[in-house]
Every structure is written in C-alpha cells, then in structure tokens.
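Chains as they are written, first to last, in the working numbering: chain Z, 21 to 818; chain Y, 60 to 126.
The C-beta atom is built at its ideal place from N, Cα and C for all residues, glycine as well.
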Amino acid sequence: MSKIECSHCHLDFDEEVMIKDEDGENTYFFCCTGCQGVFHLLSDSGLDGFYDKLGSKKLTAPTHTFEDSSSFDSKTFYEQFVKKNEDGFCEISLVIEGIHCAACVWLNEKALHKLKGVIDVHINYTNNKAKIVWADHIVKLSSIIEMIRSIGYNAFPYDPSIQEEKANKERKNYYLRIVVALFSSMNIMWIAIAQYAGYFSGMTQEIKNILNLAEWILATPVLFYSGWTFFRGAYFGIKNKIVNMDILVATGASLTYIYSIYITLNESGEAYFDSVSMIITFVLLGKFLEVLSKKSAADTLDIIGKHIPNEVNVLRNDNIETVPVHDVKVGDIVEIRPGEKAAIDGEVLEGEGYFDESSLSGESRPIYKKLDDKIISGTVCVDARFRYKAMKDFSSSTLSHLVSMLDSAMSKKPSIELLANKISGHFSTAILVLAFLTFLLWLGLDNGFDRSFMVGISVIVIACPCALALATPVATLIGLSLGGRRGILFKEAAQLETMAKAQLLILDKTGTITEGKPKVINSKEYQDVDKSLLLALCNSSLHPISQAISSYLKEEDIKPAELLTVTQVPSRGVTAVFNGKKVLGGNAEFMKEAGIEVDIKSKYSLFFFAVEDKLISYYELRDSPKEGIKELLEYCKKSKIEVVMLTGDHKESASAIAKEVAIDKFYADLSPEDKANFVLEHKNKVSIMVGDGVNDILALAHANIGISMGSGSDIAIDVSDVVLLNDSLVSLKEAFLISRRTFTLVKQNLAISLVYNLITIPLAMAGFIIPLIAAISMSISSLLVVGNSIRIKWKWQK
Amino acid sequence: MNSGIVSMMLGVSLFLGAIALAGVMWAIKSGQFDDEKRMMDSVHDDGEDALNEAAEIERRKKEYKPE
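The following block contains the structure:
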C-alpha cells in the first residue's frame, strides 16, 4: 500500500483512505472533505497560488467543529472588541490559529481581500496577530470569521490592551531618540578627531570654525530631541524638590552646549559639543536598557481577568440560559458541568460528585460535594453535573473578591529604592555644588569670567554620570539573560537587586516544597497481583491516589482489563466486578467495611487492593519533598535568610514535611488571605514568597518578590516577578546566587564610576581637563563598567 | 586644504547622512521593523501584486466610505 500526499495539507496517508477527485485532466487526492473543500474554494477563487508558495510544507487538516459565528455580530461583542477608526471603518484585532508559514499569511490576506467590504488586512508574521479593517454596512464580522474558517484556519478576537500598545509606543519612542543620538554622536566623533588632531598640530581658526559649526548642528538634535527625557525628568525632579540624575545630565549638557556655542561664536578656546552628545547618548542607552526589561503591572491584571468565567448557565423558566455573570442574582439556580469553573458561590441543590478545590485551599485531594454543601467560586467541577443555588452575587463571590483584592495588592507592590538611584541623588548634588564652587574660586583668583566658567563646566562634563547610568542596567541585563538561559525568568531587572537583599523566604508547601502529587514509595504484595485489573480499577477514579497508582503501574506497560459495574464510594474507594469476582480498591476503612482485616499502619496514605474479600496487596503513597530542598535550606542558613513554610493543609501533614526537610517555622490551615496577611505582617523585612497555586496569589503579590513555579497556575505566574520554569528548588537557589552575584557587580560598577570621579574631578577643578581627555576618560569609564558586568557569567561558564 | 572644500565635504556628507537617518526614522515610525519575519518572507511575494493590492485598498476606502 503506497502512501500518498493530500493535495491540500500535504500530509501522507494510505492511498485507499484518500478521497479521489478528478478534475479534467488533473487528479487530486484528499485526506478529508475539509481539505477537499478548502482546495476547491481556493482554486475557484483564483488563490491556488498558495500551493506554489507553500512548497513542500505540511499543514494541519482543517477541522469542522466550529460554533456558530453569528455570536460575533452581537452587540456586546462589538462593544468589547471592535473599534471605529477615523474614517468610520470598523477595526478588530484577531489572533489567527493554524498559521504555519508565510504562505498561510499570504492566503489569509488574499482571501479576506477578496471579500467585498473588507478594506485592509494586515497579519503579523511573527505573532500571527491580524488587524482587519472593514466597512460594517457592507460585510459583517461573522462573514469575515467564516471566511477565515472556511479556508482552514480559526480566529479569536483579543483585546489589544491599551497597556501593550502604550509599552510598544514608549519603546519605539526611545528607539527613535537613540537612533538620532547614535547617528549624531558618531558623526560628531569623526569631526572631533579632526579637532583633536588640530589641537596638537595646529589648524587655522577658519577650519576650526567650520568643524565647530558642523558639531553644533549635529549636537542640537541630540540635546533637544534625544535628551528631551532628561529635561522632563529634571523638571519633575525640581517640582518635587528632589535632586536626581536627570538634573545633573540636563544642566551639565545644556550648560556645556551654551558654553560651546559661546566659544564657537567668539572664535576662541575649545568647544565641547562632542561631550554634550556623548553624555546624552550614553545615559539614554542606560535608560533604554531599563525600559526594555520593564513589565507593566497593568498588563498582568488584564491577563488575570481572562481566568474568570464571564458566563454561567442559569435555570430560568425551566430552561437553561447562558447569562453574563453580573446578571446572576442571589437565589438563582446555576448549573455547572464537569470541567467548568464555578463563578458564583452557592449551595448544592442537585447532583453529587467531586470538586477540585486545590486552586483555593492547596488541598490536593478533590472534595466530595452533595446536597446542601457549599460551592466556592474558583473551584472546578470534576466529574458530575450540579445545580446549585447562588448564595452571593458575582461581585461578592470568593473568586471576584480575590481578584479585586489582588488589584489593590498589585498597585501597592512594595519596592526597594535601588542603590544606584540612592547614590545618584547625592552624587548630582555634590557635583553641581563642586562645579559652582570651582567657578567662584577661579573667579575669585582673578582668572577672568571665560576661563572660570570653562573650568566650572569641565567639572560637570568630566563627572558625566555615563558610567553611573550604565552601572546597574548593564549588569542586571546580563544577570537576566543568564537567569533566562537557566530557566529562571526575572520579569524585571530591578528584581535582581531586591532579591539579593532578601531576608525572609516564605515557601508554600504543596507544589513548592513537595511535588504536589502523591507517589508510590512502597508496596507489598501478598499474592500475585493481576496488575491489569488494578490498573483498570484505578483508571476509573479521578482521585489523586488512584491516579498515582495508575501512573505507577503504567511504567510497566500494562493494558487495563475490562471491568463491569464500577462503583465509586466517596472518600473510601472503588469497587467493580471482573469475571464475576468482586474487586475492591481503597483505604483501610473501606476494607474494614467490606469485612477485610487490615492492621497496617503508616504515616503516609495507604491504598489497599482486594479481590473477593482477600487482601492482595497494598501501596504506600506520599507527597515527597522535591530534590534540592536540603541544599536550598543550607544556603539560606549560610546567607542568613529566614525560612518559613505556609500551607493551607492540615497541621499534621505540614509538620511531617517540615520535620523531614528541617524547617523550624511553619504555619498550617491558612486561607489565601491569611497567607497575604503573614506577608504584610513582615513588611519590615525584604520578603520572597514562593508558591504555585491560586491560593498563593495574594501573598505573591504582596511580597517584595513573588516567585512561582512554571507548572503553577497561570494567575500565579502572571502575578509573580520571577518564574522558575523547571519547577526545581535547585533553580531557586541558583536564582539567589545569580541575583547576589549581579548585585555584587552592580556595587563594583558603582565603585568604579565613583573612583573614576574621585580622580578626574580634582583634575578638572584644577583646570587640567581638555575636551580630548574628557572624551577619552568618559569612554574608558563606561567600557570598564560594561566589561566588569560581563564577569557575572564567568562563574557559570566553568 | 581649502576651507571651502572642507565645508562643502562636511555639508554634503552630513546632508546625505541626514537623509538616510530620516529614512530609518520613517521606517521605524511606520512600523516596518515591528514584524521581523515579514521583512524577510515578503521578499518572495514582492511584485506587481503588492502594488495592485495597495491601489485596491485606496480604491475601497473611497468606495465603502460610510457617510
């Protein structure tokens, strides 16, 4: 049987399963009607050029199961996602699913262009986001979406959040300013070389004037366009009565600029235009590095909103209706199906089954719910259909309450003043005062206004905080990239410094210290175990213990047997019938109730397996601590970081784990709010919270640094500042090492730039500095700082 | 060297440089560097088609303009 390629998706299939399609002299083969449909659609509308562009690449076959697209025309949808542009056309941002290559982008653009009423389509190759502009009175959005679906792709709307756009705009703005600054500085440099040469070998005043003029022209956009942020920063600094580095840069650069103009017009002395542009360019680069590594808190909140269900099924007039969560009133009857997340708090009226509350309590076992039991929003229904009475409206339900609390926590996130900012304030004041004093002193010593002013200026120029401005951003950026390569994502550069200063490490238990899933650690078999039977039994239950045994057995590659009449006994176990025999699996109580004697005791969870009232085997399971916890705790002890464990779990299991890993301080039975309060009570210390679940998010948000596990819940990852991609505590220790190493180098960098100033400022005050020396020393100090920062990597390269 | 020549050379080179700078800035502003993959990939599709498309967009903007 030969494999043959589908004419549309280019995937290989056996010839006999293919749909043969003869079209004149050509014969085509399709793997499914979906591919066939798309193929004909494309050739009918003259878009078959797609296949030439596609080459030999393979596609995923189009799927058919799409919901009705008419919901895209609803008013609420338009309000949420569709914008009107200035010409009166509608505009939407979509993410297109199924794009593999440039040919797919081409096809989508072409197909949509063919649609009457569509004005413009622009699809980003890199992130598959599309912007579509259309005339709403000619074509509806639903037809556009249908077109995308009919050619084998799917589209989702997304809110191009204002935040994201703002951040991009800011970045672009900086980019433009840097391009101008670099262009001008580089040109000024080669003109300056001519001047330096002329300074030593002599040149006529006429040539000097031309060079000065050219530099003047180049320095002007650097100072006023690229340097605009410094003037703005200086203005805000003065307004708030704070001396910041922007003031030093702005006054230094503009005074130098004015002085140089004076020199140029007066045709005597040396102009400093090169220093003007160099100061601005270097410091701007430092600022740009900071902007690059910044995340905005508001972006995070946008993402959190996506985790809240926005519609629920409510019983109204004997019909199930889907209504927005805000329309649910107290007393309404809400229906929830397996896999759905509850949005509203309530009490069960109908249905029995398990709820996964791990996101809120950290409890790894699903909770069994029956009549009159409480359902908490944010928990997930596992295996049954429930109807429950809403006891609270949406805004006062647990989940939305948690999110609104998170909102306020994020906006009040504590931050530590960075060392560089602390220094730069004092530094700027000192330099400005020194420069002024120098000027007065020289004037007092009868040196004439010109000379005195020039010496005063040279103090400011030589003290240019280039190295100071680069000290932190360069080092932290290298720290960030090092962390990134080792699976530690710092979301913001400043976090490195905060982390290096940490005094308190707060660890969540489940999923952070422990694996979060029970594992079989010990087993005893009294008789030969029919493993296929046991596997089938365990597969039938969603309980974590059964799941753990399934995964333990699956390692041996066993096929499950066919069971009859499986019955789940809540918080006990499972029974089933196999070949007329009764099969049992569950805990000790379950065995006793079935009349089987068990006298095995263990501090861990036990699972017994019995056939026909005879105990066959038992398994010991526990949620064991992760690797590397010992090393982490040792490291914390050595570096005087206090370690505390917080958990929503019971005291017994908490103390067992605490004893095992040797953590002295732990608190159990905590609600998400309790955890957050614990963090708030320790505000006087720089705290790090490590967690993985929704129950940790408030604490993560309140701590100076929130660290989450990469496998943790999405919200926890969004809220936290650092993500450990491989979930390992070894990475956590490494994160400490990297942050401390980075901070050491930041301190060294600051020291280098200060020492440099200690040497050069007295020289400048004595009047020994000429433009050449100023330019060279500026570059050398900046290079030293950058070179020193690269040393962060050394330790890890071995 | 004659100062006239120096000033002319400086002037011309700075002028040319400024044109290039303006071009780069325009490209950044109009978002031509936002999509790094498109820059390379769309080379394949470059041609008459792209021009026709641009003209078509202009025509549609006029045709469908809502009142």
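At a cut-off of 7 Å between C-beta atoms, residue 84 (chain Y) counts as an interface residue with respect to chain Z.
Beta-bridge annotation (DSSP): residue 216 (chain Z) is not paired with any residue. Between the C-alpha atoms of residue 293 (chain Z) and residue 211 (chain Z) there is a straight-line separation of about 10 Å. Note: residue 39 (chain Z) is bridge-paired with Z:50 in the DSSP secondary-structure output.
Inter-residue distance for residue 361 (chain Z) and residue 530 (chain Z) is about 21 Å (C-alpha atoms, whole angstroms). Secondary structure at residue 176 (chain Z): strand, using DSSP grouped into helix, strand and coil.
Using beta-carbon distances, residue 110 (chain Y) does not count as an interface residue toward chain Z, since no partner is under 7 Å. Contact annotation for residue 294 (chain Z) against chain Y: no contact, minimum CB-CB distance about 15 Å [criterion: below 9 Å].
For the pair residue 637 (chain Z) and residue 420 (chain Z), the Cα-to-Cα distance works out to about 46 Å. Look at the beta carbons and you see the stretch 478-496 of chain Z touching the stretch 260-277 of chain Z: at least three pairs across the two are nearer than 8 Å.
Looking at the backbone, the Cα of residue 151 (chain Z) and that of residue 709 (chain Z) are separated by about 40 Å. When DSSP states are grouped into helix, strand and coil, residue 604 (chain Z) belongs to the strand group. Each of Z:338, Z:367, Z:332 was checked against the Cα of residue 357 (chain Z), and the nearest Cα belongs to Z:332. Residues of the stretch 69-81 of chain Y whose Cβ lies closer than 7 Å to any Cβ of chain Z, in chain order: 69, 73, 76, 80.
At least 7 Å separates the CB of residue 118 (chain Y) from every CB of chain Z. Taken through DSSP and simplified to helix, strand or coil, residue 108 (chain Y) comes out as helix. Taken atom to atom, the span from the alpha-carbon of residue 285 (chain Z) to that of residue 222 (chain Z) is near 19 Å. Contact between residue 172 (chain Z) and residue 118 (chain Z) holds, since their C-beta atoms are separated by about 7 Å, short of 8 Å.
Here residue 517 (chain Z) is buried, its C-beta having at least 16 other C-beta atoms within 10 Å.
Under DSSP, residue 645 (chain Z) forms a beta bridge with Z:534. With a cutoff of 7 Å on beta-carbon distance, residue 691 (chain Z) and residue 712 (chain Z) are scored as not near each other. The DSSP-derived three-state label of residue 496 (chain Z) is helix. The DSSP-derived three-state label of residue 150 (chain Z) is strand. In the structure shown, residue 596 (chain Z) adopts extended strand secondary structure according to DSSP, grouped into three states. For residue 558 (chain Z), the enclosing alpha helix (DSSP H) starts and ends at 551-559.
Look at residue 396 (chain Z): its C-beta is not under 7 Å from any C-beta on chain Y. Residue 471 (chain Z): not part of any beta strand (DSSP E); member of the alpha helix (DSSP H) spanning 469-482, first to last residue. Pairwise C-beta distances place the stretch 583-603 of chain Z in contact with the stretch 620-639 of chain Z, as three or more of them are shorter than 8 Å. Taking 7 Å as the cut-off, the beta carbon of residue 126 (chain Z) is found no closer than this to the beta carbon of residue 139 (chain Z). Secondary structure at residue 109 (chain Z): coil, using DSSP grouped into helix, strand and coil. When beta bridges are read from the DSSP output, residue 342 (chain Z) appears opposite Z:333.
In the structure shown, residue 808 (chain Z) adopts helical secondary structure according to DSSP, grouped into three states. When rounded, the separation of the alpha-carbon atoms in residue 539 (chain Z) and residue 661 (chain Z) is 31 Å.
For the pair residue 246 (chain Z) and residue 300 (chain Z), the CB atoms are nearer than the 7 Å cut-off. The beta carbon of residue 87 (chain Y) sits closer than 7 Å to some beta carbon of chain Z.
When Cβ-Cβ separations below 7 Å define contact, residue 140 (chain Z) makes contact with chain Y.
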